[in-house]
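Please read the structure below before turning to the comments.
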Amino acid sequence: MLDNFGELKRTHSCGALRGEHVGQSVTLMGWVARRRDFGPLTFFDLRDRDGITQGVFNEETAPAAHARAKEVRGEYVIAVTGEVVERDAAQRNPKIATGDVEVQAREILILNDARTPPFQFEVTSSDGLASEDLRLKYRYLDLRRPQLQANLRLRHRAVAEIRRFMDEQTFTEIETPILIKSTPEGARDYVVPSRLHHGKFYALPQSPQLFKQLCMIAGLDKYYQIARCFRDEDLRADRQPEFTQLDLEMSFATPEQVYALLEGLLARVFKLIGVELPLPFPRLTYAEAMRRYGSDKPDLRFEMELQDLASAVEGTDFAPFAAALASGGEVKGITVRGGGAALSRKALDELQEHAKRYGAGALAWIKLGDEATSSLLKALGEDAVKRVAQAAGAENGDAVLIVAGKSKTVAASLGALRNEVARREKLIPANTYAPLWVTEFPMFEFNDEDGRYYPMHHPFTSPLDEDLPLFERAVEGGETELLKGMRAKAYDAVMNGSEIGGGSIRIHRRDVQRLVFKALGMTEEKARERFGFFLDALEYGTPPHGGIAFGIERLVMLLAGTENIRDVMAFPKTASAADLMIDAPGAIDPQQLDELHIGIAKQ
RNA sequence: GGAGUCGUAGUUCAGUUGGUUAGAACGCCGGCCUGUCACGUCGGAGGUCGCGGGUUCGAAUCCCGUCGGCUCCGCCA
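To convert, note that position 322 of the first sequence is 380 in our numbering; the numbers rise steadily by one, no gaps.
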């Protein structure tokens, strides 16, 4: 039998009671986390979002309550009324905040019973967390874990701080539509069929990009939004099909103003976890980041920069190196300091496998132990190997890992290897935050397969002013090769090897916009068809403007110190974009399909 | 689209070279216990070895397929 809740008032949370409350009569409500039954004496750990308080039921002093308490099982929801008493010195529990006191129960109400949970969400050292699919199916139970609750509260505090800050900076929070129109640029769209318009579809926004620019054209001057975004692409540990961005845009803004604003904002947010970010953030151009770190989102918590070994191997007849250099590629390496020379054959094989995943043909290595050993010894000879090691800046005890090939492949594989080696060799200091700006991204990416140029950021990104003449020559003069060198006023905010934000100064001039579309091989008609409303808008007095979008989840992941985006979302999806709790996506009624004029094609 | 890895009791896992009745811990149920806090202790229940097929006298174990979780490449600001 359950008890009626009635008018009973909770007086304190389960994390509130301290020595100062001793003697008070209190009523706590919560879940039974654990029960320790000694017959005439029974202890309960009562849990709510604030913490845990021990309740004591004594047969001698409160026989009715004690008898009732016998019926209680794990995760029952109960209300306990009693007196706060101080624990004897030997009975205090330093592991919980309320451990100096306990509640001597007079009365208990069983507000609800509970089935035995399908898994234990209190993790002890002897057994691990239940499998993720089970926890996702019962997400509302998994969320009872204090760690997940703490993450969600941290996320709330971060978002609240962001709103405060943006308000102080006189930004206006503006909501933009969720049901919009598909644009073929960028990611795959999630699509929603229209009932009123046969055969037509809305798309969910990949980001509020065009709307925020329209806000600038409207003269709203400073816009921001904590915006949900949708992208129908494959998932990763830090990627979900729907996610949240701090999206912002400023009129008359330069990149410097965007950097300053965001640095101020991030400094405020990181203060929430007691971290003082070093201001201003260091900057690297895209070209420099790729050259020195092999990545456009380098992890600056450790060194291990890429070393150019081309001159050290110049003139070699070792085919992989010679071929790479002859065809305009590179030979580069990273130097593993300290323990590098102790890397086992197995470890080197694993690292080679890792590098191959990113397109490297092979991984060459040099180990400077008591004597130099190297996979290149036969091919290059001892002198050349030493020369290479020296060029890499390697000293006794170090190892050099070398990749040769196309610049892109060398960067990708060595960049990935740099992270992997740092992780394995424990070169990454804990509780360290290394933010930076990566600037001057290329305007375009050349696709080898179809021979076309694609925007690296999006087609509304402004070129660098000094590259404009180049741009005109490339597009109007037909020197399309020049497009590869064009730089944009585009920038990413990077922290600890994670891209947490990206933005740009936008094109505000119709003539420049026309050049971009032309460079992308888009006819004026095609552009009109896709973005006509926007091109019209550009002609009514568009201020120079720019902004940035920030991944809230990635930011909170850094704040919470977790590697997985599911740890900072209340109801995440699996790697196959399914929700195991509500069993989404699901089929819909034939009737609903009819209404939408949709038929499902047979496989 | 591709690769790796995992799937055995409610949960986390072990399970030898293919061989008798598939084990442990935690949880659950019952008994005992007045100071525990991962209580202790005694007893008990609990299994479609993800699913389907094959090889074999015999399959949790070997093979093929398939489904699902996770991670990565491709993809994605």
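C-beta atoms are modelled at their ideal positions from N, C-alpha and C, and glycine is treated no differently.
Residue i vs residue j beta-carbon contact at 8 angstroms
| i | j | result |
| --- | --- | --- |
| residue 518 | residue 511 | no |
| residue 73 | residue 155 | yes |
| residue 629 | residue 197 | yes |
| residue 271 | residue 564 | yes |
| residue 515 | residue 546 | yes |
| residue 502 | residue 513 | yes |
| residue 304 | residue 638 | no |
| residue 453 | residue 394 | no |
| residue 624 | residue 597 | no |
| residue 80 | residue 113 | no |
| residue 606 | residue 358 | no |
| residue 144 | residue 77 | yes |
| residue 640 | residue 284 | no |
| residue 442 | residue 362 | no |
| residue 118 | residue 98 | yes |
| residue 463 | residue 413 | no |
| residue 426 | residue 447 | yes |
| residue 290 | residue 354 | no |
| residue 123 | residue 163 | yes |
| residue 553 | residue 521 | no |
| residue 137 | residue 192 | no |
| residue 356 | residue 555 | yes |
| residue 364 | residue 472 | yes |
| residue 390 | residue 366 | yes |
| residue 577 | residue 533 | yes |
| residue 108 | residue 71 | yes |
Where the beta strand (DSSP E) through residue i begins and ends
| i | result |
| --- | --- |
| residue 471 | Premise fails: residue 471 lies in the alpha helix (DSSP H), 465-482, not in any beta strand (DSSP E). |
| residue 510 | 510-513 |
| residue 280 | 280-288 |
| residue 549 | 548-553 |
| residue 87 | 83-95 |
| residue 144 | 135-144 |
| residue 424 | 422-426 |
Endpoints, alpha helix (DSSP H) assigned at residue i
| i | result |
| --- | --- |
| residue 209 | 204-226 |
| residue 568 | 568-577 |
| residue 384 | 377-384 |
| residue 199 | 197-200 |
| residue 652 | 648-654 |
| residue 162 | From DSSP, residue 162 is part of no alpha helix (DSSP H) but of the beta strand (DSSP E) over 159-170. |
| residue 590 | 582-596 |
| residue 355 | Premise fails: residue 355 is in no alpha helix (DSSP H) and is neither H nor E. |
| residue 443 | 440-449 |
| residue 611 | 610-618 |
Where residue i falls: helix, strand or coil (DSSP)
| i | result |
| --- | --- |
| residue 130 | coil |
| residue 275 | helix |
| residue 325 | helix |
| residue 415 | helix |
| residue 317 | helix |
| residue 301 | strand |
| residue 109 | strand |
| residue 256 | coil |
| residue 433 | coil |
| residue 270 | helix |
| residue 603 | strand |
| residue 502 | strand |
| residue 365 | strand |
| residue 230 | strand |
Whole-number beta carbon distance between residue j and residue i, since they are thought to touch under 8 angstroms
| i | j | result |
| --- | --- | --- |
| residue 494 | residue 360 | So it is not a contact: roughly 13 angstroms between Cβ atoms. |
| residue 604 | residue 311 | 5 angstroms |
| residue 337 | residue 219 | Not quite, the Cβ-Cβ distance comes to about 17 angstroms (not below 8 angstroms), so this is no contact. |
| residue 175 | residue 206 | Going by Cβ atoms, the distance from residue 175 to residue 206 rounds to 15 angstroms, so no, they are not a contact pair. |
| residue 588 | residue 241 | 6 angstroms |
| residue 93 | residue 100 | 7 angstroms |
| residue 551 | residue 320 | 6 angstroms |
| residue 636 | residue 642 | 7 angstroms |
| residue 497 | residue 313 | 7 angstroms |
| residue 370 | residue 449 | 4 angstroms |
Heavy atom of the ligand ATP within 7 angstroms of residue i beta-carbon
| i | result |
| --- | --- |
| residue 560 | No copy of the ligand ATP appears in this structure; indeed no ligand is present at all. |
Per the contact definition of three or more C-beta pairs closer than 8 angstroms, is the region 340-350 in contact with the region 431-444?
-> No: the two stretches stay apart, fewer than three of their Cβ pairs being nearer than 8 angstroms.
State whether the region 88-98 contacts the region 129-144, with contact taken as three or more CB pairs (one from each stretch) at a distance under 8 angstroms.
-> Taking a cut-off of 8 angstroms on C-beta distances, the region 88-98 touches the region 129-144, as three or more cross pairs fall below it.
Evaluate the contact criterion for the region 605-622 versus the region 206-213: three or more CB pairs, one atom per stretch, below 8 angstroms.
-> Yes, the region 605-622 is in contact with the region 206-213.
Please confirm if the region 248-263 is in contact with the region 214-229, defined as three or more CB-CB distances below 8 angstroms between the two stretches.
-> The answer is no - the region 214-229 does not touch the region 248-263, with fewer than three Cβ pairs under 8 angstroms.
Meets three-Cβ-pair contact criterion under 8 angstroms: the region 421-433 and the region 458-467 = Enough Cβ pairs lie closer than 8 angstroms, so yes.
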